[in-house]
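Engineer: A single structure is presented below for examination.
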Amino acid sequence: MLLLPLVLLVACLALAGGQPCVTQNRLFIRHHVNNPRTPAPNPRAYCSMMMRRRRIYGKLINTFIHAPIRPINNVCFGGGTPFPSGLLWSKVSFTITTCIYNLSTCSYTGTHLSSRILISCCQGHPVYYEERMLLPLRV
107 MLLLPLVLLV ACLALAGGQP CVTQNRLFIR HHVNNPRTPA PNPRAYCSMM MRRRRIYGKL
167 INTFIHAPIR PINNVCFGGG TPFPSGLLWS KVSFTITTCI YNLSTCSYTG THLSSRILIS
227 CCQGHPVYYE ERMLLPLRV
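Listed below in structure tokens is the structure:
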């Protein structure tokens with residue numbers, strides 16, 4: 107009888123252990139994945155619309171990746187080159203839109219381009235996007 111509560115506690119802790127990765131991955135997808143790219147007349151309008159739609163507030167920089175989740179997940183499974191601080195730098199380029207908040211105009215500007223992405227993974231899923239603007243083409 108005394109052993110049963112201990113077994114249940116261990117089982118609950120094991121199940122809860124995976125939860126933060128799932129939650130972080132969902133947040134990553136909400137903040138950074140938009141595929142196919144939502145139509146907008148220009149990158150500025152795109153950024154304003156997407157930041158509002160996704161309810162991303164208070165972020166000075168945010169990048170949207172315009173690719174299915176599978177190629178993004180592949181960065182966590184050999185499709186990325188190890189980078190300092192536990193990050194992975196994708197071996198392939200992705201189409202992205204980077205949104206930067208302009209404090210003087212109180213609006214977002216956007217840049218649409220193709221670039222490799224820098225992410226961290228948890229249990230094989232992307233959970234963090236490193237917002238670095240001017241990475242060299244090679245590391």
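Quick note: the sequence shown uses my numbering, first residue 107, plus one each step. Glycine residues also receive a C-beta, built at the ideal position from the N, C-alpha and C atoms. Here the structure is a predicted model, which is why all the values come from computation and not from measurement.
#1: Just the C-alpha distance for Thr129 and Pro232, rounded to the nearest angstrom, thanks.
#2: Which residues in the same chain have their Cβ closer than 6 Å to the Cβ of Leu115, if we skip the five residues on either side of it in sequence?
#3: Suppose the cutoff is 8 Å on Cβ atoms and the five residues either side in sequence are ignored; what does the same chain contact list for Pro126 look like?
#4: DSSP three-state label for Asn131, please.
#5: Could you tell me the alpha carbon to alpha carbon distance between Tyr152 and Leu166, rounded to whole angstroms?
#6: Tell me, to the nearest whole angstrom, how far the beta carbon of Met157 is from that of Thr144; I am working on the premise that it is less than 8 Å.
#7: Distance check for Leu193 and His218, CA to CA, integer angstroms please.
#8: Enumerated in chain order, which unbroken segments of the beta strand (DSSP E) with a length of 3 residues or greater are wholly contained in the stretch 123–190?
#9: Starting from the C-beta of Arg136, find all residues in its chain whose C-beta is less than 7 Å away, skip the five residues before and the five after it, and write them out in chain order.
#10: Apart from the five residues just before and just after Asn208, which ones in its own chain have a Cβ nearer than 8 Å to its Cβ?
#11: Does the distance from the C-beta atom of Ser220 to that of Ser199 stay below 8 Å?
Structural biologist: Taking the definition as stated:
#1: 11 Å
#2: Unreliable placement is indicated for Leu115, whose pLDDT of 36 sits below 50; the coordinate value is still reported in the next sentence. Around Leu115: no qualifying Cβ.
#3: Cβ neighbours of Pro126 within its own chain (closer than 8 Å, five residues either side excluded): Cys228.
#4: Taken through DSSP and simplified to helix, strand or coil, Asn131 comes out as helix.
#5: 15 Å
#6: Actually they do not touch by this definition, with Cβ atoms about 12 Å apart.
#7: 23 Å
#8: 167–171 and 186–189
#9: Arg160, listed in sequence order.
#10: In the same chain as Asn208, and ignoring 5 residues on each side of it, the C-beta atoms closer than 8 Å to its own belong to Tyr214 and Thr215, in chain order.
#11: Taking 8 Å as the Cβ cut-off, Ser220 and Ser199 qualify as a contacting pair.
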